[in-house]
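Residue numbers (this note's numbering), protein chains in the order written: chain G, 1 to 111; chain C, 112 to 223. Heads up, the beta-carbon is just placed ideally off N, CA and C, and yes, glycines get one too. Just so we're clear, the structure is a prediction, and the values are computed from it rather than from any experiment. Comments concern the structure below.
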Amino acid sequence: GQSLEQPSEVTAVEGAIVQINCTYQTSGFYGLSWYQQHDGGAPTFLSYNALDGLEETGRFSSFLSRSDSYGYLLLQELQMKDSASYFCAVRDLSRDDKIIFGKGTRLHILP
Amino acid sequence: EAQVTQNPRYLITVTGKKLTVTCSQNMNHEYMSWYRQDPGLGLRQIYYSMNVEVTDKGDVPEGYKVSRKEKRNFPLILESPSPNQTSLYFCASSPRRSDEQYFGPGTRLTVT
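Following this line, the structure appears as structure tokens:
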């Protein structure tokens with residue numbers, strides 16, 4: 001079956017760079033999305049990669065390698081407000097557009 | 112303002128008492144979806160709809176029903192709630208074939 005794997009927790013220092021990895025296993029891959037969720041809030045969309053390579057949006061970048069079934073979210077110049085959970089997600093075309101989320105990575109930022 | 116709304120935001124109910132959680136979006140999106148979020152399990156898709164009168168099961172549909180009679184509304188129905196349906200529920204919408212989903216604020220449901 002399809003699955004996404006990402007680390008459960010990551011810790012980094014304010015001002016530093018952190019990378020959150022996601023590996024996926026689906027039979028009908030279309031693209032990889034990333035969402036951010038603060039405690040008590042709803043997930044919000046961050047980025048989407050359908051093609052191999054790096055997509056940059058301000059301090060956040062997302063990378064995809066389709067041949068490796070792997071992607072990552074890169075957060076630069078970390079700020080305390082980046083403390084949140086981050087989820088990768090795929091739309092599985094082999095399953096009628098069903099959307100599957102990873103279990104999430106909790107990012108802790110130290111001052 | 113473009114948004115997804117859910118009601119109620121909080122609900123405590125008893126086993127077996129039918130309930131409906133409403134979801135509405137004002138962005139004319141074709142795709143709508145319901146998720147439940149439980150600690151350590153991430154977001155799991157319950158049901159989704161690619162357009163009016165078209166609904167499909169997600170990964171955890173047991174015990175839930177949905178309907179899509181209008182494009183903007185996608186209610187989640189629990190005919191006979193059980194304690195294992197205690198969870199945080201999110202509704203989301205997106206344009207067809209877009210992976211940028213817009214989430215509602217969430218509904219925290221407790222079934223005793």
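* **Inter-stretch contact at 8 Å, needing at least 3 Cβ pairs: the stretch 182–194 of chain C / the stretch 127–145 of chain C** => yes
* **Cα-Cα separation, E56 of chain G to E173 of chain C** => In a straight line, the C-alpha of E56 of chain G is about 39 Å away from that of E173 of chain C.
* **Sheet register partners of S62 of chain G (DSSP bridge)** => G:E55, G:L73
* To do: Check whether the Cβ of G71 of chain G lies closer than 8 Å to any Cβ atom in chain C.
  => no
* Asked: Can you list, in chain order, the residues of the stretch 98–111 of chain G whose Cβ is nearer than 8 Å to any Cβ on chain C?
  -> Going along the stretch 98–111 of chain G in chain order, one finds K98, I99, I100, F101, G102, K103, G104 with a Cβ nearer than 8 Å to chain C.
* Asked: Anyone know if the C-beta pair for S69 of chain G and T23 of chain G falls short of 8 Å?
  -> yes
* Asked: Once you ignore the five residues that flank S27 of chain G on each side, which residues in its own chain have a CB closer than 6 Å to its CB?
  -> S94
* Classify Q114 of chain C as helix, strand or coil using the three-state DSSP reduction. => coil
* Asked: Between N162 of chain C and the rest of its own chain, which residues show a CB-CB distance below 7 Å, the 5 nearest in sequence each way excluded?
  -> E141.
* What does a CB cutoff of less than 8 Å around D97 of chain G pick up in its chain, not counting 5 residues either side in sequence? -> R91
* Asked: Does the distance from the CB of I99 of chain G to the CB of Q156 of chain C come in under 8 Å?
  -> Yes; because the gap between Cβ atoms is below 8 Å, this pair is in contact.
* **Residue from C:V125, C:Y175, C:G151, C:L199 whose Cα sits closest to the Cα of Y158 of chain C** => C:Y175
* Please decide whether D39 of chain G counts as near chain C, where near means a Cβ-Cβ distance under 8 Å. => no
* To do: Please look up how many angstroms separate the CB atoms of L78 of chain G and E14 of chain G, rounded, as I've assumed it's under 8 Å.
  => 6 Å
* Asked: Taking the continuous beta strand (DSSP E) assigned at F101 of chain G, which residues delimit it?
  -> 98–101
* **Beta-carbon gap between T126 of chain C and P194 of chain C smaller than 8 Å** => yes
* E190 of chain C at chain G interface by Cβ criterion, 8 Å -> Taking Cβ atoms only, chain G never reaches closer than 8 Å to E190 of chain C, which makes this a no.
* Candidates C:L152, C:V222, C:Q136, of which the one nearest Q6 of chain G by Cα -> C:L152
* Roughly how many angstroms lie between the CA atoms of D170 of chain C and Y86 of chain G, to the nearest whole one? -> 20 Å
* Asked: Going by the CB atoms, is the gap between Y35 of chain G and L51 of chain G shorter than 8 Å?
  -> no
* In angstroms, rounded to a whole number, what distance separates the CA positions of E9 of chain G and D39 of chain G? -> 14 Å
* **chain C residues whose Cβ lies nearer than 7 Å to that of D96 of chain G** => Around D96 of chain G, the beta-carbon contacts reaching into chain C at under 7 Å are D167.
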